[in-house]
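Top line first, the protein sequences correspond to chains A and B.
In terms of our numbering, the first sequence opens at residue -1 and continues consecutively.
In terms of our numbering, the second sequence opens at residue 670 and continues consecutively.
Below is one structure, written out as C-alpha cells, with a few remarks after it.
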Amino acid sequence: MKIKILGMGCKKCTNVYENVKKAVEDLKIDAEIVKITDAAKIAEYIMSTPGVVFDDEVIFEGKVPSVEEIKNELSKL
Amino acid sequence: MFGWLDYVARYVVENILNIGVDTAIGSSIHFFIYDSLKIVILLSIMIFSISYVRSYFPPEKTKKILEKYSGVSGNVMASLLGIVTPFCSCSSVPLFIGFVEAGIPLGVTLSFLITSPIVNEAAFAVLLASFGWKIAMLYIISGVIIGVIGGVIIGKLKMEDQVEEYVYEIRSRARKIRKLTQKERLKFAVDNTKDIVKRVWLYILIGIGIGAIIHGYAPEAILAKYAGPNNPLAVIFATIIAVPLYSNALGTIPIAEALIGKGVGIGTALAFMMATTALSFPEAVLIRKVIKPKLIAAFFGITSIAIVITGYLFNILL
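This is the structure in C-alpha cells:
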C-alpha cells in the first residue's frame, strides 16, 4: 500500500512522518511512505495540514496522530 | 476570582521568603508567582473550551457555511469563523485553495485569513488573565472588525488576477465531513490544550519574568513619556517592532501588562500584540505559493494600518 503524508514541511508534518514510520515498522506492514509537500496536491485531499492518506483515502487531517492511533487505523484495513 | 492566588503569592513572599511585598524585589516576586499561576490556569481552561467549540467547525464545514453568504455579511461570517476554525499557519495554503475552489470571493477568504491569526485563543487567555474581560473582549471584537474591513477593501480592489493561476485549476476530491463522537471532541480539546501549553509555557514564563522586573524596577516617568498614550508615534513603532517577534507573541503580553502598569498606552500594547501574531514573515513566505506579491503587500499593508488605527482607538477610548 501507499501512505501519503500531506504537509508543507513544518514540524508537525515531520512528527507525523516519524509516527507513521514507527507504526508501519511495528506492525511490519509492507507500505511505501511518501511525503507530499506540493500545495496543489495537498489541497486535492485536505484543507488543514498535516494529513495522512492511505492509498487514496484521507484518514487523518489537521492533527498529529499518535503511533497508537495510526496503528489502530492500519489494523482496520 | 483570583483573590486566593494573591493570598498564596503574598504568603510565599512574606512568610516563606521573608520579604515585604512593597519592596521592589518583593513586588517583582509577587508579580511573578501570581501571574504565572493565573495565566497557566486560565490558559488551560480557555484553550480547552475553545478547542471543544472548534471541534464543531472543521475547515470543510466552514467552507460550506461561507458558500451561503454574499456581500459584507460574507466578510463578517468569515471573520467570525476565523476565530473558531482550527487551523495553523502551515495550513493557510491548502485552506486558501479550498476556499477559492468553492467559489468563495477573494475578499471573504482574506477576512478569514486576517482574523484567524489575530484572534488567537492562547492570546485571549493571557489577555483575560492580565487585563480582565473588558480588554479580552475588545481584543476579539477589534480582531473581527480588522478582518472585515481588510477583506472588504481587498474585495473592492478586484485582485483576483493576483491569485496564482494554478489555484483556479485545482479540483479537490469530494469528501464527507466525518462526524465526531463526544469522546473524540473531548480528546481533541485535551490534545490541543496539552499541545499549546507545552509549546508556549516557557515563552510565557520568560515574559512574566521580564514583566516582573519591569514591575519592580522600571522607571515610570520615562516609559510614560515615550510609550504613553500621549506619544502619537508609539503605536506605529510598537507595530513595526512586533513583526519579527512572531514566535514570542504570548510572552509579550505579561510584559505589556507590566508596561501598562507603568503608564504605557493600552492601545499601544494591544497593537504590539496583534501585530506579533497577525503579521508573520513565515506566513508571507508560505502564502506566496498561492498569491502574488501585490496581493501579499495589500494583505499586510491593510492589516498593519488597521492594527495601528485600532491601537489609536484604544488609546483614545480607554
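Every residue, glycine too, gets a C-beta built ideally from N, C-alpha and C.
Helix, strand or coil for residue i per DSSP?
i, result
"I27/A", "coil"
"G743/B", "helix"
"F781/B", "helix"
"L4/A", "strand"
"V866/B", "helix"
"G772/B", "coil"
"F997/B", "With chain B represented from 670 up to 987, any question about residue 997/B goes unanswered, as that position is not in the structure."
"F58/A", "strand"
"I34/A", "strand"
"G49/A", "strand"
"V690/B", "coil"
"V813/B", "helix"
"I40/A", "helix"
"V977/B", "helix"
"V859/B", "helix"
"V959/B", "coil"
Can you tell me whether residue i is buried or exposed, with buried defined as 16 or more other CB within 10 angstroms of its CB?
i, result
"K733/B", "exposed"
"I873/B", "buried"
"M806/B", "exposed"
"R723/B", "buried"
"I910/B", "exposed"
"G824/B", "buried"
"P962/B", "exposed"
"A890/B", "exposed"
"M985/B", "The identity of residue 985/B in the sequence shown is Ile, whereas the question assumes Met. That one is exposed."
"Y808/B", "buried"
"E838/B", "exposed"
"D704/B", "buried"
"L928/B", "buried"
"I846/B", "exposed"
"V954/B", "exposed"
"A966/B", "exposed"
"L4/A", "buried"
Looking only at its own chain, which residues have a Cβ that is under 8 angstroms from the Cβ of residue i, when we skip the five neighbours before and after it?
i, result
"P786/B", "S758, T946, A947, S949 and E952"
"T778/B", "A747, F765, F768, V769 and G820"
"I735/B", "First, the residue type needs correcting, since residue 735/B is Leu and not Ile in the sequence shown. Only G743, M746, A747, L750, F768, A771, I773, V777 and F781 meet the Cβ criterion."
"L849/B", "S724 and F857"
Go through its chain and collect everything with a Cβ distance to residue i's Cβ below 7 angstroms, but skip five positions before and after it.
i, result
"I882/B", "S697"
"V977/B", "V904, I905, T908 and A940"
"K707/B", "F671, L674 and A798"
"V56/A", "Y43, I44 and G49"
Within a Cβ cutoff of 6 angstroms, which residues of the same chain sit near residue i, ignoring the five residues on either side of it in sequence?
i, result
"V62/A", "K10, N13 and V14"
"L775/B", "E829"
"G60/A", "S46"
"P20/A", "The identity of residue 20/A in the sequence shown is Lys, whereas the question assumes Pro. The answer, listed in chain order, is V65."
Where does the unbroken alpha helix (DSSP H) through residue i begin, and where does it stop?
i, result
"F793/B", "E790 to F800"
"I685/B", "Run containing I685/B: none; DSSP gives neither H nor E here."
"I698/B", "A693 to R723"
"F906/B", "A903 to A911"
"A890/B", "E889 to A896"
"P728/B", "P728 to L735"
"R679/B", "G672 to Y680"
"N70/A", "V65 to K74"
Where do the N-terminal and C-terminal ends of the beta strand (DSSP E) with residue i fall, by residue?
i, result
"G930/B", "Counting along the chain, G930/B falls outside any beta strand (DSSP E), though it belongs to the alpha helix (DSSP H) covering T921 to G930."
"F941/B", "Premise fails: F941/B lies in the alpha helix (DSSP H), I935 to A947, not in any beta strand (DSSP E)."
Does the ligand NAP have even one heavy atom less than 8 angstroms from the beta-carbon of residue i?
i, result
"M828/B", "With respect to the ligand NAP, the structure offers nothing, as it holds no ligand at all."
With three or more beta-carbon pairs closer than 8 angstroms as the criterion, would you say the segment 62 to 73 of chain A touches the segment 738 to 757 of chain B? no
Segment contact flag, the segment 704 to 716 of chain B with the segment 785 to 803 of chain B, C-beta cutoff 8 angstroms, min 3 pairs: yes
Touching or not, the segment 884 to 904 of chain B and the segment 929 to 937 of chain B, by the rule of three or more beta carbon pairs under 8 angstroms? yes
Evaluate contact between the segment 670 to 689 of chain B and the segment 826 to 842 of chain B, counting only Cβ atoms and requiring at least three cross-stretch pairs below 8 angstroms. no
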